[in-house]
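These notes concern the structure reproduced below.
Chains as they are written, first to last, in the numbering used here: chain L, 6 to 90; chain D, 107 to 259.
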């Protein structure tokens, strides 16, 4: 498994544990809308904090936007940006 | 129109526009966040004043933080700031001496609210059982459709 696959697996695990989704996070399409899949605003906060712990990053305030946490793909893009910086 | 139908703040024009925001939070879920993430949850989303008040009452921390979380989310909804990328501590719920609460906006959120022409942000919070909710009403100084965040950035 390459690094990108590992990152996606970790994101899906965080969503499974904290996202309160009404579907299996492993079955979700990368671009599927997480809010449409049951994630509440409070759950998205838990997802963010869990991602910070899992990837050893910190989301700055300017990234606390709905569209950053709207899909697996958008989360991965944000994490790539944080880890590159 | 009877005089009691007038808005309480007579300085506002009768035609002033407004928007509502509402949010409902499960208190036990907030308690889980506190227990699991501890200070990183508390200090990220709540001001020192809010945390001090929440810790004043024994066993009331989760309930008070849940109501404040709901109020902040309701402000974000009312001001349409979900894509603005703002710090949640820039929206503060302050307890007044008479028992009421008020919303105080700081930093960038205050700047955005001013740019939108916000004249007042009113809040009402409540909790019962495992749920806490907050209703926020934003009153604009002008009756015209207020600008949204996208058009201000």
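For each residue, glycine too, the CB sits at the ideal point set by N, CA and C. This structure is a prediction, so every number in the text was calculated from the model and none was measured.
In whole angstroms, what separates the C-alpha of residue i from that of residue j?
{"i": "residue 245 of chain D", "j": "residue 129 of chain D", "result": "18 Å"}
{"i": "residue 42 of chain L", "j": "residue 203 of chain D", "result": "42 Å"}
{"i": "residue 37 of chain L", "j": "residue 75 of chain L", "result": "8 Å"}
{"i": "residue 14 of chain L", "j": "residue 146 of chain D", "result": "24 Å"}
{"i": "residue 215 of chain D", "j": "residue 124 of chain D", "result": "17 Å"}
{"i": "residue 79 of chain L", "j": "residue 73 of chain L", "result": "5 Å"}
{"i": "residue 30 of chain L", "j": "residue 206 of chain D", "result": "42 Å"}
{"i": "residue 62 of chain L", "j": "residue 28 of chain L", "result": "27 Å"}
{"i": "residue 88 of chain L", "j": "residue 189 of chain D", "result": "22 Å"}
At 7 Å on the CB atoms, spell out the chain D contacts of residue i, in chain order.
{"i": "residue 51 of chain L", "result": "139"}
{"i": "residue 66 of chain L", "result": "191, 192, 193"}
Which one of the options has the shortest CA to CA distance from residue i?
{"i": "residue 146 of chain L", "options": "L:89, L:82, L:90", "result": "Since the first residue shown for chain L is 6 and the last is 90, residue 146 of chain L is missing from the structure and cannot be characterised."}
{"i": "residue 25 of chain L", "options": "D:124, D:123, D:135", "result": "D:135"}
{"i": "residue 141 of chain D", "options": "D:191, D:180, D:168", "result": "D:168"}
{"i": "residue 33 of chain L", "options": "L:77, L:11, L:23, L:12", "result": "L:77"}
{"i": "residue 181 of chain D", "options": "D:154, D:236, D:210, D:143", "result": "D:210"}
{"i": "residue 179 of chain D", "options": "D:151, D:166, D:200, D:205", "result": "D:151"}
{"i": "residue 166 of chain D", "options": "D:186, D:149, D:126, D:237", "result": "D:237"}
{"i": "residue 187 of chain D", "options": "L:46, L:62, L:85", "result": "L:46"}
{"i": "residue 65 of chain L", "options": "D:200, D:193, D:235, D:226", "result": "D:193"}
{"i": "residue 127 of chain D", "options": "D:227, D:235, D:172, D:144", "result": "D:227"}
{"i": "residue 133 of chain D", "options": "D:153, D:144, D:171", "result": "D:171"}
{"i": "residue 153 of chain D", "options": "D:242, D:212, D:229, D:240", "result": "D:212"}
{"i": "residue 235 of chain D", "options": "D:177, D:173, D:148, D:217", "result": "D:173"}
Which word fits residue i, buried or exposed, when buried means at least 16 other C-beta atoms lie within 10 angstroms of its C-beta?
{"i": "residue 248 of chain D", "result": "exposed"}
{"i": "residue 195 of chain D", "result": "buried"}
{"i": "residue 9 of chain L", "result": "exposed"}
{"i": "residue 198 of chain D", "result": "buried"}
{"i": "residue 184 of chain D", "result": "buried"}
{"i": "residue 208 of chain D", "result": "exposed"}
{"i": "residue 156 of chain D", "result": "buried"}
{"i": "residue 232 of chain D", "result": "exposed"}
Which chain L residues are close to residue i, counting only those with a beta carbon under 7 Å from its beta carbon?
{"i": "residue 156 of chain D", "result": "Here the premise fails: no neighbours, minimum Cβ distance about 15 Å."}
{"i": "residue 131 of chain D", "result": "47"}
{"i": "residue 143 of chain D", "result": "54"}
{"i": "residue 170 of chain D", "result": "The contacting residues do not exist; residue 170 of chain D stays about 15 Å from chain L at best."}
{"i": "residue 135 of chain D", "result": "47"}
Run through chain D and tell me which residues come within less than 8 Å of residue i, C-beta to C-beta.
{"i": "residue 121 of chain L", "result": "Past the edges of chain L, shown from 6 to 90, lies residue 121 of chain L, and the structure says nothing about it."}
{"i": "residue 72 of chain L", "result": "189"}
Name the chain L residues whose beta carbon is nearer than 9 Å to that of residue i?
{"i": "residue 147 of chain D", "result": "50, 51, 54"}
{"i": "residue 179 of chain D", "result": "46, 47"}
{"i": "residue 175 of chain D", "result": "46, 47, 50"}
- Task: Examine the Cβ distances between the segment 48–57 of chain L and the segment 68–80 of chain L and report whether three or more of them are shorter than 8 Å.
- Result: yes
- Message: I'd like to know if the segment 160–171 of chain D and the segment 208–228 of chain D are in contact, where contact means that at least 3 CB-CB pairs between them fall below 8 Å.
- Response: no
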